[in-house]
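Take -6 as the starting number for the sequence shown in our numbering and just add one per residue. Each residue gets a CB set at the ideal place from its N, CA and C atoms; glycine is no exception.
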Amino acid sequence: MSAKPTLNRTTAAAEGDVVVLLIGMRVNHFWAVHQWVPVALAMFRMLGELGKDKGRGLLNHVLLTASPRTYYVVQYWESKEKLYAYAHSPEMFHHRAWAIINRKERKGKTRGHVGLWHETYVVPEGGYESIYADMPPFGLAGATGVLPLEARGRTAAQRFGRRPKAPAQTADPVA
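Right under this line is the structure:
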């Protein structure tokens, strides 16, 4: 069951930096089901693992498709440190999955049947903005909550203009 849409305009309640990971796969040969199905299942297994332990840092994710061949997940993370910690943790499935892929690659057993990719972005406060019209919390707002649009500004320029407060500067007595 999906959430009811909010019948107004909102924006994401994100504070500080936003960490976004795009990660996906491309099916290069549909007939090689034994190659790409395990990759797809591995992603669902990792998302399940992260969903069981909110302390790992995954705030929200959205499953998407770019074409009949390309599938990906947009993930919103608490911090790049938590993303790195998950990726490198020997107890987590991601570590094991990459060990298998690397082993196959070293043995020359990857045949190009499935492509893998990811892109990670750390976006500083003031470098992102959002608007949701008549939508339930989605994407970044699904990760951080929603605010009335006016809380951050009616225009994209106003929302982009949000900057962290600079620490108070003290006069340099030596200058």
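Check	Outcome
Beta carbon of residue 64 nearer than 9 Å to that of residue 18	yes
Residue(s) in a DSSP beta bridge with residue 87	For residue 87, which the question treats as bridged, DSSP gives no partner whatsoever.
Segments assigned alpha helix (DSSP H), at least 4 residues, entirely inside the segment 45 to 99	73 to 81 and 86 to 99
Burial state of residue 76 (16 or more Cβ within 10 Å)	buried
Bounding residues of the alpha helix (DSSP H) (the contiguous stretch that carries residue 19)	Residue 19 -> not in any alpha helix (DSSP H); beta strand (DSSP E) instead, spanning 11 to 20.
Rounded Cβ spacing between residue 230 and residue 14 (contact assumed at less than 8 Å)	No statement about residue 230 is possible, as the shown extent of the chain runs from -6 to 168 and does not include it.
Length of the line joining the Cα atoms of residue 87 and residue 74	16 Å
Close-in-space but distant-in-sequence residues of the same chain around residue 70 (CB under 8 Å, 5 per side omitted)	12, 13, 14, 50, 51, 52 and 76
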